[in-house]
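Colleague: Residue numbers (the numbering used here), protein chains in the order written: chain X, 717 to 950; chain H, 717 to 950. Ideal Cβ placement from N, Cα and C applies to all residues, glycine included. Fair warning: this is a prediction, and the values are worked out from it, not measured in the lab.
Protein chains: 2
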Amino acid sequence: MQPVLKDSAVAAQKVRAMSGGDAKNSYEGTMGKPLWNNAVTSRDEQRQQKRLAVLGTGARLFNDRGFDRTTLDDIASELNVSKRTLYYYVSNKEEILFECSRLALEFMQETIARCKDPAVPVLERIALLLRGYAQLLADDMGACLVLSKDIPLSEPNRDVLREGRRSLDGLLRDLVRAGVEDGSIAPNDARLTAAAMFGAFNWIPHWNRTDNPVSHDEIADRYIGLLIDGLRKR
Amino acid sequence: MQPVLKDSAVAAQKVRAMSGGDAKNSYEGTMGKPLWNNAVTSRDEQRQQKRLAVLGTGARLFNDRGFDRTTLDDIASELNVSKRTLYYYVSNKEEILFECSRLALEFMQETIARCKDPAVPVLERIALLLRGYAQLLADDMGACLVLSKDIPLSEPNRDVLREGRRSLDGLLRDLVRAGVEDGSIAPNDARLTAAAMFGAFNWIPHWNRTDNPVSHDEIADRYIGLLIDGLRKR
DNA sequence: TGACTTTTCCACTCATCAGTTACATATTCC
DNA sequence: GGAATATGTAACTGATGAGTGGAAAAGTCA
């Protein structure tokens with residue numbers, strides 16, 4: 717196939733071309749938002765969008781094959797571009813993974829903020845957090861946060877992600893403790909409880925990454941029901 | 717350090733030497749059983765034990781660094797042996813991973829059998845299964861089953877493991893359905909329920925792999941309690 | 001048009017690592 | 001003792017893949 721970026725006349729086509737052309741591979745963007753728009757965009761915006769296409773394609777391939785088994789040539793050829801071109805948008809392979817994970821954590825911020833509203837009952841806030849998390853994991857970048865969790869990054873990057881994960885975990889623990897305090901939750905070790913809950917959700921990208929995935933909303937509903945009310949019939 | 721296998725006089729010492737010598741690295745064997753015994757052992761038994769040491773060390777390093785980031789030289793040097801020597805016990809890198817996973821699934825068979833006893837109430841049988849699974853995950857080979865789950869193996873091996881995992885998952889689903897049938901469990905989608913439960917447990921090796929791990933029995937107790945009775949206070 | 005910037009690619013280097021070749025030394029057993 | 005078997009090593013091969021150098025093509029704007 718021809719290198720597309722060079723030939724196409726219109727910027728919008730270019731960015732679409734970055735995504736690989738055919739529908740099944742086309743990069744749908746992050747959190748469901750389309751990656752490009754057809755309006756005339758500035759050079760900087762185009763650059764930013766292409767960079768996002770690199771990150772998104774990277775995330776998808778990392779999730780499919782694993783970080784170590786994905787070559788930069790894989791990502792490049794998915795985008796119909798040479799490997800050298802990728803280095804115009806990112807400075808190395810690690811940066812792709814780091815940025816995907818960092819963005820994923822950033823996407824959670826809105827949900828996190830909403831979970832801190834003291835007007836909402838604790839159990840509902842926990843459900844809110846978990847539902848938001850399930851939606852995050854439906855996205856390639858969100859799944860990347862889980863599936864490539866154990867790839868060792870260099871010093872500063874690693875700390876940034878660790879802090880992000882830690883604060884997410886801390887929030888759930890705090891909610892559990894708050895629930896115990898106000899009597900809505902049975903006493904328990906908040907650390908283990910939070911680990912069990914995140915664990916259940918983190919496993920989703922491991923099994924639900926098929927051609928016909930179960931809807932993450934449906935999964936979230938059942939998981940939340942199970943975690944809050946348990947298996948046992950009353 | 718000297719190559720130890722060649723110099724040591726006594727078989728038992730040899731096998732201990734295979735494990736790296738110093739206590740912190742010494743290979744403790746599988747499922748808590750010591751790997752060697754001091755009785756005079758036959759050549760075949762020694763070979764088998766050394767093979768197990770290779771597998772166990774492989775599993776541990778795979779769990780620590782990931783399969784792709786573990787070289788055969790890493791495993792060899794952990795055992796104070798040359799890489800070529802490993803090839804006397806296994807035929808390639810994949811075989812190490814495959815055998816570890818296969819053995820882990822084999823270790824579960826006893827638990828699986830006990831869970832099929834119809835005299836025991838369903839909820840207890842589920843607890844039995846999950847407790848056995850948590851113990852499996854405390855072992856390097858068991859953790860390997862989870863942490864290297866997504867490494868692609870060649871055709872026949874992949875199918876063997878898939879079948880093992882599938883039947884484990886199937887058992888839990890069947891138990892859940894049986895519980896719904898006999899009224900001890902609230903109606904639900906058994907597939908999602910089993911996924912949530914295994915997910916919670918599968919995540920353990922991801923977070924509890926430190927110098928001071930939480931006891932897997934303690935984790936199992938809390939997880940089982942949560943999954944059966946839920947967060948909500950009654 | 002022509003100067004300037006942005007984007008792109010070909011072809012390369014260099015390191016890593018699975019698996020092998022060729023050989024050496026121990027051990028077992030006749 | 002000596003043949004057969006088991007255990008081990010050092011040094012190599014061949015493939016793979018991250019990252020780069022240098023230059024050409026395309027786009028921008030006077």
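What number of angstroms, rounded off, separates the C-alpha of D824 (chain H) from the C-alpha of R818 (chain H)?
Modeller: The identity of residue 824 (chain H) in the sequence shown is Met, whereas the question assumes Asp. The straight-line gap from Cα to Cα measures roughly 10 Å.
Colleague: Buried or exposed, going by whether 16 or more other CB atoms sit within 10 Å of the CB of S807 (chain X)?
Modeller: exposed
Colleague: Go ahead and label W752 (chain X) buried or exposed: buried means 16 or more other beta carbons lie within 10 angstroms of its beta carbon, across all protein chains shown.
Modeller: Because the pLDDT of W752 (chain X) is 31, which lies under 50, any placement of that residue in the model is unreliable, and the number read from its coordinates should be weighed accordingly. Burial call: buried.
Colleague: Going by the CB atoms, is the gap between M913 (chain H) and L884 (chain H) shorter than 8 Å?
Modeller: Remark: C-beta atoms of L884 (chain H) and M913 (chain H) do not approach each other more closely than 8 Å.
Colleague: Where does I867 (chain H) fall in DSSP's three states?
Modeller: coil
Colleague: Please identify the residue among H:E934, H:G946, H:T926 whose C-alpha is closest to the C-alpha of N779 (chain H).
Modeller: H:T926
Colleague: If you reduce the DSSP assignment to three classes, tell me which class R948 (chain H) lands in.
Modeller: Reduced to three states, the DSSP call for R948 (chain H) is strand.
Colleague: Check the Cβ-Cβ distances between F814 (chain X) and every residue of chain H, and say whether any is below 8 Å.
Modeller: no
Colleague: Give me the chain H residues within the contact set of F914 (chain X), using Cβ-Cβ distance strictly less than 9 Å, ordered along the chain.
Modeller: A916, W919, W923
Colleague: Kindly give me the distance between the Cβ atoms of E810 (chain H) and S870 (chain H), rounded to whole angstroms, as I take these residues to be in contact under 8 Å.
Modeller: 6 Å
Colleague: Would you say L869 (chain X) faces chain H, with C-beta separation under 8 Å as the test?
Modeller: Not one chain H Cβ lies under 8 Å of L869 (chain X).
Colleague: I need the DSSP call for Y939 (chain X), collapsed to helix, strand or coil.
Modeller: helix
Colleague: Short of 6 Å in beta carbon distance, which residues of its chain neighbour P921 (chain H), apart from the five on each side in sequence? Order them along the chain.
Modeller: L853, A859, V862, L863
Colleague: Can we say the region 927-946 of chain H touches the region 943-950 of chain X, given the rule of at least three CB pairs closer than 8 Å?
Modeller: yes
Colleague: How would you list, in chain order, the residues of chain H whose beta-carbon sits under 8 Å from the beta-carbon of T909 (chain X)?
Modeller: R938, L942, L947
Colleague: Do C831 (chain H) and G774 (chain H) have their C-beta atoms within less than 8 Å of each other?
Modeller: No Cβ-Cβ contact shorter than 8 Å links C831 (chain H) with G774 (chain H).
Colleague: Given this structure, state the Cα-to-Cα distance separating R882 (chain X) from A906 (chain X), to the nearest angstrom.
Modeller: Taking the straight line joining both Cα atoms gives about 14 Å.
Colleague: What whole-angstrom Cβ distance do P837 (chain H) and S900 (chain H) have, given they're in contact under 8 Å?
Modeller: 7 Å
Colleague: Which residue's Cα is closest to the Cα of D866 (chain X): X:V770, X:G782, X:R776, X:D790?
Modeller: X:G782
Colleague: Please look up how many angstroms separate the CB atoms of D850 (chain X) and A936 (chain X), rounded, as I've assumed it's under 8 Å.
Modeller: According to the sequence displayed, residue 850 (chain X) carries Ala and not Asp. Indeed they touch by this definition, with Cβ atoms about 4 Å apart.
Colleague: Ignoring anything shorter than 4 residues or poking outside the region 793-832 of chain X, list the alpha helix (DSSP H) runs there in chain order.
Modeller: 799-805, 809-830
Colleague: In the DSSP assignment, find the unbroken alpha helix (DSSP H) run with P929 (chain H) in it and report its ends.
Modeller: Where P929 (chain H) is concerned, there is no enclosing alpha helix (DSSP H), given that its DSSP letter is neither H nor E.
Colleague: Tell me, please, whether the CB atom of K865 (chain X) is closer than 8 Å to any CB atom in chain H?
Modeller: Taking Cβ atoms only, chain H reaches closer than 8 Å to K865 (chain X), which makes this a yes.
Colleague: Taking CB distances under 8 Å as the criterion, tell me whether D905 (chain H) reaches chain X.
Modeller: yes
Colleague: Buried or exposed: where does G915 (chain H) fall if 16 or more other Cβ atoms within 10 Å of its Cβ makes it buried?
Modeller: buried
Colleague: For the candidate residues X:D789, X:T787, X:A835, X:D855, whose alpha-carbon lies nearest to that of P929 (chain X)?
Modeller: X:D855
Colleague: Given a cut-off of 8 Å on the beta-carbon distance, is the pair R950 (chain H) and L908 (chain X) in contact?
Modeller: Between R950 (chain H) and L908 (chain X), the C-beta spacing is not below 8 Å.
Colleague: Quick one, which residues of the region 773-794 of chain X are near chain H if we go by CB-CB under 7 Å, in chain order?
Modeller: G782, D784, R785
Colleague: Whose Cβ in chain X lies nearer than 7 Å to the Cβ of G886 (chain H)?
Modeller: What G886 (chain H) touches in chain X: nothing, since even the nearest Cβ is about 14 Å away.
Colleague: Contact criterion: CB-CB distance below 8 Å. Does A902 (chain X) meet it with respect to chain H?
Modeller: yes
Colleague: Going by CA-CA distance only, name the one from H:V892, H:V896, H:W919 that's closest to A910 (chain H).
Modeller: H:V892
Colleague: For R776 (chain X), I'd like the list of residues in its chain whose CB is within less than 6 Å of its CB, leaving aside the five on either flank, ordered along the chain.
Modeller: D856
Colleague: Does G899 (chain X) come within less than 8 Å of chain H when only Cβ atoms are used?
Modeller: Using a Cβ-Cβ cut-off of 8 Å, G899 (chain X) counts as an interface residue toward chain H, since at least one Cβ of chain H sits closer than that to its own.
Colleague: Could you run through the region 834-852 of chain X and flag, in chain order, every residue whose CB is less than 9 Å away from some CB of chain H?
Modeller: L839, I842
Colleague: Let me check one thing: in DSSP terms, what residues is I901 (chain H) bridge-paired to?
Modeller: According to DSSP, which records beta bridges pairwise, I901 (chain H) is partnered with X:R948.
Colleague: Hey, L846 (chain X) and F917 (chain X): beta-carbon distance below 8 Å or not?
Modeller: yes
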